[in-house]
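Residue numbers (UniProt numbering): 7 to 301.
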Ligand code: FAD
């Protein structure tokens, strides 16, 4: 007999959502609506990014605080080493711990001028591994770090990149969240390489639903993510048709997640760009239902 058109999944997954700190009242409202929409899906945690050069220090703090105060979702604050001394970074971390935040996404960050070469602050943490050691001297934070299935642009080769990830785990990270990617095999190959290098901690794929193909192209160029030729063809002409693009984007991201699920992935981290609906739809397709919903 023919396979059913759509085989439903049981939703036996862990999910997390990433947001960025809002700049305006209106953006804050959008963010908050999104948090409220996604909360009933019971994410393991949600995280709030940290802008280049600490430019969003207060806004990141405020957004994380609000999540801690007003929701039951564990909140993680991203923190980078850019343009800050160790004392300054430590003070931010202490303030998080004192206000109840127990999870930090620890990152090196990038040079403040886009595309510029990274230079550590003379009195700062040189990289994410050093930052992790510093954070753990302050308090027993849960720590997530970044991983790069297609290699970080600053790494000489894949080996050096994996050695760096290993250093971050050895320094005390609990899990790695990957840079976004578009081919499932890209993640599977990376997972295999990491296992072969002796890494046994969790590596969670970061899933980026396409909100605008033009901006995905720009971001991919900066972070070294390959855009497959089929994606260019698929999104061609859709930037001016947001509703159609959303449907296509949800289909592509859901297909990616279903293939990852078929390859035994059970944790997913969504780059929401502060919009709930795409991430919500993909979680729904993976079988995730809000608390209390018996449908
Ligand atoms: P690291 O792990 O420190 O590595 C950076 C590079 O330096 C690597 O190439 C590594 O091999 C090399 N390196 C490090 N240590 C050594 C050493 N001892 N010897 C030789 N080479 C070394 N950016 C933000 O600004 N704010 C955010 O909130 C943010 N959130 C992110 C979340 C996720 C899930 C991801 C994947 C990325 C995020 N980024 C964020 C981007 C990140 O800051 C950049 O990718 C940055 O360029 C690298 O940060 P890292 O923590 O991976 O650096």
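We put the beta carbon where it would ideally sit given N, CA and C, even for glycine.
Query raised in the report: According to DSSP, is residue 52 helix, strand or coil?
Result: strand
Query raised in the report: So, residue 105 versus residue 74, is the Cβ gap smaller than 8 angstroms?
Result: yes
Query raised in the report: Counting pairs of beta carbons, one from the segment 280 to 287 and one from the segment 52 to 70, are three or more of them closer than 8 angstroms?
Result: no
Requested in this report: Measure the Cβ-Cβ separation of residue 205 and residue 179 and say whether it is below 8 angstroms.
Outcome: no
Query raised in the report: In the structure shown, what three-state DSSP assignment does residue 79 receive?
Result: coil
Requested in this report: Leaving out five residues on either side along the sequence, give the residues of the same chain with a beta carbon under 7 angstroms from the beta carbon of residue 91.
Outcome: 127, 129, 130
Requested in this report: Please name the residue or residues paired with residue 98 in a DSSP beta bridge.
Outcome: Its beta-bridge partners do not exist; DSSP assigns none.
Query raised in the report: For residue 133, is the beta carbon positioned less than 7 angstroms from some heavy atom of ligand 1?
Result: yes
Query raised in the report: With DSSP run on the structure shown, which of helix, strand or coil describes residue 300?
Result: Note on residue 300: pLDDT 47, under 50, position unreliable in the model; no value is reported.
Query raised in the report: Would a C-beta distance cut-off of 8 angstroms place residue 194 and residue 269 closer than the cut-off?
Result: yes
Query raised in the report: For residue 140, which of 276, 118, 166, 112 has the nearest alpha-carbon?
Result: 112
Query raised in the report: How is the alpha helix (DSSP H) around residue 175 delimited, first residue to last?
Result: 164 to 177
Query raised in the report: Considering only the beta carbon of each residue, do residue 275 and residue 22 sit closer than 8 angstroms?
Result: yes
Query raised in the report: Can you check whether the CB of residue 116 is closer than 8 angstroms to the CB of residue 151?
Result: no
Requested in this report: Report the residue ranges of all alpha helix (DSSP H) runs contained in full by the segment 175 to 251; include only those spanning at least 4 residues, in chain order.
Outcome: 190 to 202, 219 to 229, 235 to 241
Query raised in the report: According to the Cβ coordinates, are residue 81 and residue 107 closer than 8 angstroms?
Result: yes
Report task. Would you mind sorting residue 301 into buried or exposed? The rule is 16 or more other CB atoms within 10 Å of its CB. Result -> In this prediction, residue 301 has a pLDDT of 45, which is less than 50 and means its spatial position is unreliable; nothing more can be read from the coordinates.
Requested in this report: Kindly indicate which residue of 156, 76, 35, 72 has the alpha-carbon position closest to the one of residue 197.
Outcome: 156
Requested in this report: May I ask which residues mark the beginning and end of the alpha helix (DSSP H) holding residue 40?
Outcome: 31 to 44
Query raised in the report: Just the Cα atoms here: how many angstroms apart are residue 273 and residue 19?
Result: 6 angstroms
Query - Nearest to residue 56 (by Cα), restricted to the options 167, 95, 173 - result: 95
Query raised in the report: From the DSSP output, which residues share a beta bridge with residue 302?
Result: Residue numbering for the chain in the displayed model covers 7 to 301; residue 302 lies beyond these limits and cannot be assessed.
Requested in this report: Have a look at residue 7 and residue 15 and give me their C-alpha separation to the nearest angstrom.
Outcome: 20 angstroms
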